[in-house]
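Numbering (the working numbering), first residue to last: 68 to 547. From the three backbone atoms N, C-alpha and C, an ideal C-beta is built for every residue, glycine too. Computed from a predicted model, the values in this text were never measured in an experiment. Below: one structure, written as structure tokens.
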């Protein structure tokens, strides 16, 4: 990824330049099938594409977000100064009572979220108000930053939906369609293929994505990727690009993950998931040769939680994971997806290779209690943005104390989340860190931190004292 950049697919509203981008209805002529020759492959494809668009588009919405960001002049010396900005993305209606899924980065830090429904052609004046109205204020039910998903709710009924129950697994080479609001152009559809059904994009983040060459651009975030039957394959999330536009490297969150996150957010307001109690590691040919493993691919268990259920069940370091819940495990992304979507109230079925022997275990894995799962939500506020440090921070209060009961003191600023921004310094901060001081100035509140950061000039040396996992350490860098 050296010369590529991540491009999240939210779009600033100032890019809207035409009537369609302002949400005006655009009539779609009905396809003409057949002709003098009696039709053919091209006519059939044309008709099928029109049918998919008619089937899926009514459930694809535009999401308008008001929040704060950098001034448009991009003045790096004023990176701590933010101004009100507006951006947009896409979303899909997954329940007729107004539940909508989108990307977490679309609504992150938003003060106001509004949803614009697509125009339904031929709607009669007597249609229900929830159909006639097109713009609704939305409430954020919950979000999961780890996989970039959020659930919204609008007060409407009898809405068209894109069913999660009929979602499908992506297959490499499969014809796909991306639908959303690129650059604000509502109900736009593009066509491509699945380039890879299970792609790990970052070594440090083993979650698998669907890779597609269907053109997607800013504004597509949160829109659906569907197959030739109109079934949901995933939710478009980001692209890798050198130019800032689509280069055929688009990535979507798989529908299996989307469905699991939706059900958990709707039921609990947060994602509840298991903690497997193992440290997995991909097998390389060199590792296989050194350890004399029976295969040079797959996933090996590097460590086991000594107090966890896996250890109690007999799992040992050096075991190779052959399958998880009956799904063959070929690499780390597949394992991470299987662990993520496993129900918290059901045992894990683990098939392992130990030397030449194969054995199967059932493990009652406990629920994950990582505090960072909740910190992003606790810090979800534009007031917590410290852009020059690339963080969303929060004062330590009773709620944070409940999540992180072993903090050494109530002083400092908790890092709820990192933000991706080219103007932010590479600080080394992580979610869950607590900033105690900056250049020997004690930090007792978010306002104290912001004041200290504003006083720094580009190129100044910075030393942060940070509490991480109950231990104090220093992070040093140059201010951008």
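Element boundaries [alpha helix (DSSP H), containing residue 401]
The count along the chain shown starts at 1 and reaches residue 401 at position 334. Residue 401: member of the alpha helix (DSSP H) spanning 399-407, first to last residue.
Can you check which of these residues, 403, 484 and 478, is closest to residue 392 by C-alpha distance?
Counting from one through the chain shown, the residue named residue 392 turns up at place 325. That would be 403, whose Cα lies nearest to the Cα of residue 392.
Stretch pair the stretch 209-229 + the stretch 168-176: three plus CB contacts closer than 8 Å
At 8 Å Cβ cutoff, the stretches touch.
The stretch 280-292 / the stretch 331-341 touching (three or more Cβ pairs under 8 Å):
Not touching, per the Cβ criterion.
Applying the criterion that 16 or more other CB atoms from any shown protein chain within 10 Å of the CB defines a buried residue, is residue 517 buried or exposed?
Here residue 517 refers to the residue found at position 450 when the chain shown is read from its first residue. Buried, since its Cβ has 16 or more Cβ neighbours within 10 Å.
Give the secondary structure of residue 481 by DSSP, where H, G and I count as helix, E and B as strand, and everything else as coil.
To locate residue 481, count along the chain shown from 1; it is residue 414. Assigned with DSSP and collapsed to three states, residue 481 falls in strand.
Delimiting residues of the alpha helix (DSSP H) encompassing residue 429:
Reading the chain shown from its first residue, position 362 is the one you call residue 429. No alpha helix (DSSP H) contains residue 429, which is instead part of the beta strand (DSSP E) from 424-430.
Is any non-hydrogen atom of the ligand GDP found closer than 8 Å to the C-beta of residue 262, if you look at the structure I gave you?
Absence of the ligand GDP is noted for the structure shown, with no ligands found whatsoever.
Taking the alpha-carbon of residue 164 as reference, which of 110, 114, 132 and 228 has the nearest alpha-carbon?
By one-based count along the chain shown, residue 164 stands at place 97. When each option's Cα is compared against that of residue 164, the closest is 228.
Closest to residue 457 by C-alpha separation, out of 547, 522 and 468, would be which residue?
Looking up residue 457 in the chain shown gives position 390. Minimum Cα distance to residue 457 is reached at 547.
Mind checking residue 539: buried by the 16 CB within 10 Å criterion, or exposed?
Position 472 of the chain shown, counting from 1, holds the residue named residue 539. Per the 10 Å Cβ criterion, exposed.
Report the residue from 309, 329, 307 and 314 whose alpha carbon sits nearest the alpha carbon of residue 301.
Sequence index remark: in the chain shown, residue 301 carries index 234 (1-based). Residue 301 has its Cα closest to that of 329, out of 309, 329, 307 and 314.
Start and end of the beta strand (DSSP E) containing residue 357?
Position 290 of the chain shown holds residue 357. Secondary structure note for residue 357: it is in no beta strand (DSSP E), and the uninterrupted alpha helix (DSSP H) holding it is 352-358.
Is the Cβ-Cβ distance between residue 259 and residue 242 less than 9 Å?
Start at 1 with the first residue of the chain shown, and residue 259 comes out as number 192. Start at 1 with the first residue of the chain shown, and residue 242 comes out as number 175. Note that the C-beta distance between residue 259 and residue 242 is below 9 Å.
What residue from 154, 296 and 291 has the CA that sits closest to residue 115's CA?
As a first step, residue 115 is located in the chain shown; it is residue number 48 there, counting from the start. The candidate whose alpha carbon is nearest that of residue 115 is 296.
Tell me which residue opens and which closes the beta strand (DSSP E) that residue 421 is part of.
Numbered from its first residue, the chain shown carries residue 421 at position 354. Element bounds for residue 421: 415-421.
What does DSSP give as the partner residue(s) for residue 459 in the beta ladder?
Counted from its first residue, the chain shown places residue 459 at position 392. Residue pairing for residue 459: DSSP places it in a beta bridge opposite 452 and 484.
Tell me the DSSP secondary structure of residue 342 in three-state form.
In the chain shown, the residue the question calls residue 342 occupies position 275. Three-state result, residue 342: strand.
Closest residue to residue 244 among 238, 513 and 291 (Cα-Cα distance):
Counting from one through the chain shown, the residue named residue 244 turns up at place 177. 291 is the residue among 238, 513 and 291 whose C-alpha sits nearest the C-alpha of residue 244.
The stretch 503-510 in contact with the stretch 527-542 per 3-pair CB rule at 8 Å
A contact exists between the stretch 503-510 and the stretch 527-542.
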